[in-house]
Amino acid sequence: MEPKLNQNVSQSEKHERLGVAELGKFGEEDRMPRWLEMMLQLRRGHVNNNMVSAIASILAIDPTVVTAHLCHEATQHISKTAIEETFCGYRNIQMILSCLIGHSKSLSMTEVPSILDIQVLIEKAWDNGILSESRIQTGGILKSRKYIGTPEVCALFTSLNIRSRTHRFISQTGKSSYAQLVDVVQAYFSNSRQQTSIHGEKIHQTELSPIFLQRPGHSLLIIGVEKRDNGHYNLLVFDPDYRYPDNITKLLAKLRISRFSKLRDHITSCYRRSDEHFAKYSEIEILYPDPI
1 MEPKLNQNVS QSEKHERLGV AELGKFGEED RMPRWLEMML QLRRGHVNNN MVSAIASILA
61 IDPTVVTAHL CHEATQHISK TAIEETFCGY RNIQMILSCL IGHSKSLSMT EVPSILDIQV
121 LIEKAWDNGI LSESRIQTGG ILKSRKYIGT PEVCALFTSL NIRSRTHRFI SQTGKSSYAQ
181 LVDVVQAYFS NSRQQTSIHG EKIHQTELSP IFLQRPGHSL LIIGVEKRDN GHYNLLVFDP
241 DYRYPDNITK LLAKLRISRF SKLRDHITSC YRRSDEHFAK YSEIEILYPD PI
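Numbering-wise (the UniProt record's numbering), the sequence shown opens with residue 1 and increments by one.
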């Protein structure tokens, strides 16, 4: 699993160097290849705009959806490029920052930083004593392909004066980690002080940031939650591992036509995560900025 929340580990664990099992197959690599470094500095990943709004319009005509809450529409979908392998944590950070830059007046940042820029910012946070034990655990991340997790995101946001909250969910008798997660996510979105009903009354657009989710080996971005007609809840996510075509929003608009229902369901399934997806994970972590 990628690095864990520091407040939940012992003092001795905080000062232990993590290995390949935690940091990924490049966990002991001193430096990424120069060609990859240059590519990451020049390119911000594969970016799709207006995805939240497009998904909202699809959910609105899905007869199996009873209600859904979504994050702020400024959130971009940023996926990994074809030659990336290990940067899902950074892409999720970029997506959260795209949301905050798009509607927050308190954030001085005006453009989404590159992966290398994010690494520099995290290292500077450690220099300032913010969750600096992660530097010991990782051996430093600058110009590396090591996994990052919730502690690094927390350090970055703290250094940027972005107040955030973290939760860890551990499966217990009678209640899985996913069930606990859904309770918190549902409360987070449904209790938003600023939300607008769109496409009728069942879709609710909020002003909230998306949520960083860490599970063993991978991280996702929760952009919302839906309740189905069977009473079950699904998380709505952006996965940086999935790359969609540049015209995806136009395609989704066409899929609102009933004759495309099977294709529509296939595509929207990429954004849904149910209890079956998370059944094998006994621990899940999330982090989200405080509501603005």
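We put the beta carbon where it would ideally sit given N, CA and C, even for glycine. Note that the structure is a prediction, hence the values are computed from the model and not measured.
DSSP-derived helix/strand/coil call for residue i
i	result
H199	coil
K227	strand
L131	coil
residue 294	Residue coverage of the chain in this structure runs from 1 to 292, which leaves residue 294 outside it and unanswerable.
L221	strand
Q119	helix
T206	strand
S106	coil
R243	coil
R272	strand
Element boundaries [beta strand (DSSP E), containing residue i]
i	result
F238	233-238
L213	211-215
Test item: CB-CB of residue i and residue j under 7 Å
i	j	result
H69	H204	yes
S134	P151	yes
A82	C99	no
L221	I115	no
I148	G89	yes
I136	S159	no
S190	Y288	no
R31	K202	no
S282	N234	no
G27	K175	no
L236	I223	yes
K227	T67	yes
A155	I122	yes
S106	R243	no
S219	N92	yes
V225	Q186	yes
Residue range of the unbroken alpha helix (DSSP H) whose run includes residue i
i	result
Y188	177-190
F278	275-278
L23	20-23
Cutoff 6 Å; reference residue i; Cβ partners in own chain excluding five residues on either side
i	result
F169	S177, Q180, L181, I284
E207	H72, Q194
L18	Q137
F278	Y178
R272	N234
Cβ-based neighbour list, residue i, same chain, cut-off 8 Å, excluding 5 preceding and 5 following
i	result
T110	I101
I198	A56, A60, H204, Q205
Y188	L208, I211, Y288
Same chain, Cβ closer than 7 Å to residue i, neighbours up to 5 away in sequence not counted
i	result
R43	T81
P240	I78, S79, K80, C88, R91, N92
Worksheet item: What runs of the alpha helix (DSSP H), each 4 residues or longer, lie entirely inside the region 39-97?
Response: Counting only runs of 4 or more, we get 51-60.
Fill in: Complete runs of the beta strand (DSSP E) confined to the region 145-171 [at least 3 residues]
Along the region 145-171, the beta strand (DSSP E) occurs as fully enclosed runs of 3 or more residues at 164-170, listed in sequence order.
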